[in-house]
Every structure is written in structure tokens, then in C-alpha cells.
Amino acid sequence: MVFSGIPFLFYFLPVFLLIYFVSPAKAKNFVLLVFSLMFYAWGEPVYISLLLLSSVVDYINGRCLEHFEGQIKKQRIFLVISMCINLGLLGIFKYLSLFITTINDMTHAGIRDPKLMLPLGISFFTFQTMSYSIDVYRKDIKAEHNFINYMTYVCMFPQLVAGPIVRYQDIGHELENRRVTPDGFTDGAVRFLMGIFKKVLIANQVGSLWDTVLAANDRSFMLAWLGLAAFTLQIYFDFSGYSDMAIGMGGMMGFTYPENFNYPYISRSITEFWRRWHMTLSGWFRDYVYIPLGGNRKGVKRQIINIAIVWALTGFWHGASWNYLLWGLFYGAILIIEKLFTGKLLNKLSPVVSHIYTIFIVMLGWMIFAIEDINKLKSYAADVFYFGAQGFADKRFLYELRNYLVVLVIGIIISTPVYKKIKESEKTPFVEGVMSVTGLIAGCVLVVVCVAMLVADSYNPFLYFRF
Numbered sequence: 001m002v003f004s005g006i007p008f009l010f011y012f013l014p015v016f017l018l019i020y021f022v023s024p025a026k027a028k029n030f031v032l033l034v035f036s037l038m039f040y041a042w043g044e045p046v047y048i049s050l051l052l053l054s055s056v057v058d059y060i061n062g063r064c065l066e067h068f069e070g071q072i073k074k075q076r077i078f079l080v081i082s083m084c085i086n087l088g089l090l091g092i093f094k095y096l097s098l099f100i101t102t103i104n105d106m107t108h109a110g111i112r113d114p115k116l117m118l119p120l121g122i123s124f125f126t127f128q129t130m131s132y133s134i135d136v137y138r139k140d141i142k143a144e145h146n147f148i149n150y151m152t153y154v155c156m157f158p159q160l161v162a163g164p165i166v167r168y169q170d171i172g173h174e175l176e177n178r179r180v181t182p183d184g185f186t187d188g189a190v191r192f193l194m195g196i197f198k199k200v201l202i203a204n205q206v207g208s209l210w211d212t213v214l215a216a217n218d219r220s221f222m223l224a225w226l227g228l229a230a231f232t233l234q235i236y237f238d239f240s241g242y243s244d245m246a247i248g249m250g251g252m253m254g255f256t257y258p259e260n261f262n263y264p265y266i267s268r269s270i271t272e273f274w275r276r277w278h279m280t281l282s283g284w285f286r287d288y289v290y291i292p293l294g295g296n297r298k299g300v301k302r303q304i305i306n307i308a309i310v311w312a313l314t315g316f317w318h319g320a321s322w323n324y325l326l327w328g329l330f331y332g333a334i335l336i337i338e339k340l341f342t343g344k345l346l347n348k349l350s351p352v353v354s355h356i357y358t359i360f361i362v363m364l365g366w367m368i369f370a371i372e373d374i375n376k377l378k379s380y381a382a383d384v385f386y387f388g389a390q391g392f393a394d395k396r397f398l399y400e401l402r403n404y405l406v407v408l409v410i411g412i413i414i415s416t417p418v419y420k421k422i423k424e425s426e427k428t429p430f431v432e433g434v435m436s437v438t439g440l441i442a443g444c445v446l447v448v449v450c451v452a453m454l455v456a457d458s459y460n461p462f463l464y465f466r467f
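Following the working numbering, the numbering of the sequence shown begins with 1 at its first residue and continues without gaps.
#1: Need the endpoints of the alpha helix (DSSP H) that residue 491 sits in, please.
#2: Taking residue 224 as part of the alpha helix (DSSP H), name the residues at either end of that continuous run.
#3: Can you give me the Cβ contacts of residue 380 inside the same chain, cut-off strictly under 7 Å, excluding the 5 residues immediately before and after it?
#4: Rounded C-beta distance between residue 61 and residue 81? I'm assuming under 8 Å.
#5: So what does DSSP say about residue 63, is it helix, strand or coil?
#6: Can you tell me whether residue 116 is helix, strand or coil according to DSSP?
#7: Is it a yes or a no for the segment 384 to 399 touching the segment 220 to 237, going by three-plus beta-carbon pairs under 8 Å?
#8: Tell me which same chain residues have a C-beta within less than 8 Å of the C-beta of residue 148, skipping the five on either side of it?
#9: Below 8 Å, can you find three or more Cβ-Cβ pairs linking the segment 208 to 217 to the segment 168 to 187?
#10: So which of 266, 249, 243 and 265 has the shortest CA-CA distance to residue 259?
#11: Since residue 393 is in the alpha helix (DSSP H), which residue starts that stretch and which ends it?
#12: What is the residue span of the alpha helix (DSSP H) that residue 287 lies within?
#13: Please go through the segment 6 to 37 and give each complete alpha helix (DSSP H) segment of 4 or more residues, from N-terminal end onward.
#14: Under 8 Å by Cβ, that's how I've got residue 134 and residue 90 pegged, so tell me the actual separation to the nearest angstrom.
#15: Going along the chain, which residues of its own chain have a beta-carbon closer than 6 Å to the beta-carbon of residue 35, five neighbours each way excluded?
#16: Which full runs of the alpha helix (DSSP H) of 4+ residues lie inside the segment 99 to 182, going along the chain?
#17: Is residue 362 closer than 8 Å to residue 232 when the C-beta atoms are compared?
#18: Please report how far the alpha carbon of residue 270 lies from the alpha carbon of residue 445, in whole angstroms.
#19: How is the alpha helix (DSSP H) around residue 306 delimited, first residue to last?
#20: For residue 292, count neighbouring Cβ atoms within 10 angstroms of its own Cβ and tell me buried if that reaches 16, exposed if not.
#21: Kindly indicate which three-state DSSP category residue 256 falls into: helix, strand or coil?
#22: Decide if residue 27 is buried, meaning its Cβ has at least 16 other Cβ atoms within 10 Å, or exposed.
#23: Less than 8 Å separating the beta-carbons of residue 250 and residue 256?
#24: Please classify residue 6 as buried or exposed, where buried requires at least 16 neighbouring CB atoms within 10 angstroms.
#25: Could you tell me the distance, in whole angstroms, from the CA atom of residue 415 to the CA atom of residue 351?
#26: Within the chosen definition, does the segment 106 to 116 reach the segment 146 to 163 through at least 3 CB pairs nearer than 8 Å?
Structure follows, in C-alpha cells:
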């Protein structure tokens, strides 16, 4: 069940909100938990036991860590147990097939691949439960004693399967003390609708273009770059749209989820880009991997090693395919170069030049990220860097550009804070009134258009559901 699907929008969400708001305050967490388990079971009826196992393990570990406070050796034992179980489950269900296939290809060992199905959202809820145990161990938070509250934190459906990665310290207080105001609910609903618009009106449309270009047997130089531009917009609007929907639904229920995107495509360096893209994941690796490894406190050589480790893990976190590891190492190398050599130079360059550099690197990165088959990746890279049989541009490029130009331009504009700046520039009650009425009318029109497109079009993937 995806947020932009008809079953969720017209059945699951309305029924949930109705029951949630008529329930007494003490029962709201239980209602949210039940519906969250139903939501997960809709897509993963078999692996709901895996979600429950991971949750129960870290709940018990949290209580044990608190019970043995001050006894470091015993606390470390329970922390290690938590890490081993969580990373073990992640390794078995997400990476086992990849390792078996690789070993068989290299050695012809003939090891049988169990072909386990990837549990929905395992990368997200595993990191979430691990962060809870680590934070209890560090005494950053107190262990949650109420099992329903803890399970609600782990399982709440808005951010369960694709983030943002919510730490207990982000919403721990709100599990017991939250209040939904009319303004808060309205703001959350508007944020949710913004996510729907991003997903349906932009991500789905440019995603269709990317699929078409990727499937083409022969691509001209410009068609290959047009495809990369389409995927660059698709993954941003797909994932940020999902995050908007998750944050919006959290707001409708009284929760404040952390922001996950901050206009990453306006960045002037790759370092800045990763401060703006998937911020909850970047923050997780910074706080739980990079800093514990020593960060930048132990000299340049150690810093380079730490960055390489973090980005190898970041790449591999995204999927069980070697292209993701390559993608992570690609970004790790770029970030090391910026950290040691080009960072200051980028700050001195014209904003236009540094922005072009950043977008160029990002688009190449998305090419590595999007194409799992290494041979297909090589073929696409050849079209990106050289004029093949189709030359610089061909009729197919002109045809696709004509069909998708409007949505591409709209996507580029919306990926910048243009609308935000216009809204912030409102000075008078008259202007604010006009903007409000215009926004209301536009919102109603877009809702109708989105519903019509969802009913008529079966193309509605969520890229990050597979991670």
C-alpha cells in the first residue's frame, strides 16, 4: 500500500483518522499501533514477525541497559546483542543473496541461494531501533517503559517503510504528551497534499521518461543526458514527496518529524548537497558511525579512512547490489577531494559555476545509483560521455523533449525555493489574502487532477520502498 494509491487515500487514511480522533487520548497510541501493523501487514504479512522481533529485542535491551546503568561491561553486552541481532537480520534478508551469487560467480561453488524476499522498510526500521538502544546506552534518552508507546514509536506507519528516520529523542515526549490543534492539522494536511502533488504530477511523469530512455537500445548523447535529468528529478520528487506525506501525516496526529530535504539541488558543492539530501540518514551515519570512528579529530589520514568507511556503508545501505557500493565510494572520493583540496576553491568560484559542477556530479552519481546491472551501466556511461551511433542528438531526443519539456521545467523550478521566497515576501493583508485564495483554488484543482491521474494511470512506484 503506497501513500499515493487509491486504497490508502480513500479507505485506509480516512478510516484511521476518524477512529484516531474519536478515541480518548490514552488510546490514541494503541489505535495508531494497530493501524500501523495493519498497514505493514498489507504489504508484508509474512515479515511482520521480523518487525515485531526487532522491536521487542530493542525494547528489552533498552530496559536492561537502564537496569544495569553504571555497569559498563554488562551494558556493552546488551548493546552488542542489539547490534548483532539487528545487523544480522539486515544482513541475512538484504545481502545474503548478493554474497552467495557473488561467491558462486567467482568460485563456481554452487551454494544454494534461498532467495529471501526483502522485508519492506527493513533498512529504515533497523536503523531506528538501533539508534534507540545506542541512545539509551549513551544516556541521551531514558528507556521507554510503556511497551505500547515503544511499539508505536517503531511501527507508526507514516515513516515506517521509507523514513524519515525518526529517533526516539525526536518524538519521545510527544508519545505521551501531544496536542493536535486546528492549525497544526491544517498545516499537516497541506504538507501531505504537497507530497502527493510532487509524487503524482512530477515524479511519476518524469519517471516514465527515465524508464523509456533506459530501455532504449540506442541513445544519442543528448537523449542519455535527458534521461539522467529525468531520473534526477524523479528520485528527488519521489522521495521528498514521500517525506512530505510522512511529515504531514505526523503533523496531523500531533507529531513533529524531522525534515529530510532542504532543496538539495541548489547546492554549490557535494558537501553541501549531502547536508540537504536525506538529512536523517546523513545525520544517523554522522552520529553513530563517523563521530564514534573519530571523525576529523585524529588527523587527516584517519579522517579519510572514516569518510571512506561511512560512504561505503551508506552506499551499501541503499541496496543489495554492487552498484550501490560503487555509488557510495564515488561520493566518498568526491567528498574527500572537496575536504582536502577543492572546498575553499568552490566557495570562491561564481555561484553559477559551482552549482553546475555540483549538478554534474550529482547526475553522474544518480546514473551509478539507478542502473544495477554493471554492463548496462557501462553502456549508459558510454552514451553520456561519447557520441555513439545516434550522434549528438536524434529525432527520439527531440520527440521526448517535446513531450516532457513542461513537466521538466516545472520540476526544475519547484526543486528550488522560488515559491517559498514568494510566500515569505507577502507584506500586506491584501497580498496574503490573494495568495491564500489562489493557493486554495490551485490546491483544489491539483487534488482533482491527481485523483484523475491515479485512477487512470497504473504507473505509481515508490523508489525507496525497495531499500
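Glycine is no exception: its CB is placed at the ideal position from the N, C-alpha and C atoms.
Answer, in terms of the structure:
#1: No information on residue 491 is available, as it lies outside the stretch 1 to 467 that the chain covers here.
#2: Translated into the one-based positions of the sequence shown, residue 224 becomes position 224. From DSSP, the alpha helix (DSSP H) with residue 224 extends over 221 to 253.
#3: To locate residue 380, count along the sequence shown from 1; it is residue 380. A distance below 7 Å between beta-carbons, with the five flanking residues on each side excluded, links residue 380 to the following residues of its chain, in chain order: 224, 367 and 371.
#4: Translated into positions along the sequence shown, residue 61 becomes position 61. Translated into positions along the sequence shown, residue 81 becomes position 81. 6 Å between Cβ atoms; contact.
#5: For the purposes of this step, residue 63 is identified with residue 63 of the sequence shown, where counting begins at 1. If DSSP states are grouped into helix, strand and coil, residue 63 belongs with the helices.
#6: Residue numbering aside, residue 116 sits at position 116 when the sequence shown is read from its first letter. Coil at residue 116, not helix or strand.
#7: When Cβ pairs closer than 8 Å are counted between the two stretches, the segment 384 to 399 is seen to touch the segment 220 to 237, the count reaching three or more.
#8: Looking up residue 148 in the sequence shown gives position 148. Short of 8 Å from the beta carbon of residue 148, and not among the five residues preceding or following it, lie these beta carbons of its own chain, in chain order: 29, 30 and 33.
#9: No, because fewer than three Cβ pairs between the segment 208 to 217 and the segment 168 to 187 fall closer than 8 Å, the two stretches do not touch.
#10: Locating residue 259 in the sequence shown gives position 259, where the first residue counts as 1. Comparing Cα-Cα distances from residue 259 to each of 266, 249, 243 and 265, the minimum goes to 243.
#11: For the purposes of this step, residue 393 is taken as residue 393 along the sequence shown, with counting starting at 1. In the DSSP annotation of this structure, residue 393 is not part of any alpha helix (DSSP H), being labelled neither H nor E.
#12: Counting from one through the sequence shown, the residue named residue 287 turns up at place 287. Where residue 287 is concerned, there is no enclosing alpha helix (DSSP H), given that its DSSP letter is neither H nor E.
#13: Correct list: 13 to 22.
#14: What you label residue 134 is simply residue 134 of the sequence shown in a count that begins at 1. What you label residue 90 is simply residue 90 of the sequence shown in a count that begins at 1. With a Cβ gap of about 15 Å, residue 134 and residue 90 do not count as contacting.
#15: Position 35 of the sequence shown, counted from the first residue, corresponds to residue 35. Result list for residue 35: 16, in chain order.
#16: Entirely contained in the segment 99 to 182, the alpha helix (DSSP H) runs reaching 4 residues are, in chain order, 122 to 138, 147 to 155 and 168 to 176.
#17: As a first step, residue 232 is located in the sequence shown; it is residue number 232 there, counting from the start. As a first step, residue 362 is located in the sequence shown; it is residue number 362 there, counting from the start. Taking 8 Å as the cut-off, the Cβ atoms of residue 232 and residue 362 count as close.
#18: The residue labelled residue 270 in the question sits at position 270 within the sequence shown. The residue labelled residue 445 in the question sits at position 445 within the sequence shown. In a straight line, the C-alpha of residue 270 is about 37 Å away from that of residue 445.
#19: Position 306 of the sequence shown, counted from the start, is the residue given in the question as residue 306. Judged by DSSP secondary structure, residue 306 falls within the alpha helix (DSSP H) whose first and last residues are 300 to 317.
#20: Within the sequence shown, residue 292 is the residue found at index 292, counting from 1. For residue 292, the number of other beta carbons within 10 angstroms of its own is below 16, and it is reported as exposed.
#21: Counted from its first residue, the sequence shown places residue 256 at position 256. Taken through DSSP and simplified to helix, strand or coil, residue 256 comes out as coil.
#22: Position 27 of the sequence shown, counting from 1, holds the residue named residue 27. Label assigned to residue 27: exposed.
#23: Within the sequence shown, the letter at position 250 stands for residue 250. Within the sequence shown, the letter at position 256 stands for residue 256. Result yes, Cβ atoms of residue 250 and residue 256 sit closer than 8 Å.
#24: Your numbering for residue 6 matches position 6 in the sequence shown. Exposed, because fewer than 16 other Cβ atoms sit within 10 Å of the Cβ of residue 6.
#25: What you label residue 415 is simply residue 415 of the sequence shown in a count that begins at 1. What you label residue 351 is simply residue 351 of the sequence shown in a count that begins at 1. Computed Cα separation, rounded: 17 Å.
#26: Proximity of the segment 106 to 116 to the segment 146 to 163 falls short of the contact definition, fewer than three beta-carbon pairs being nearer than 8 Å.
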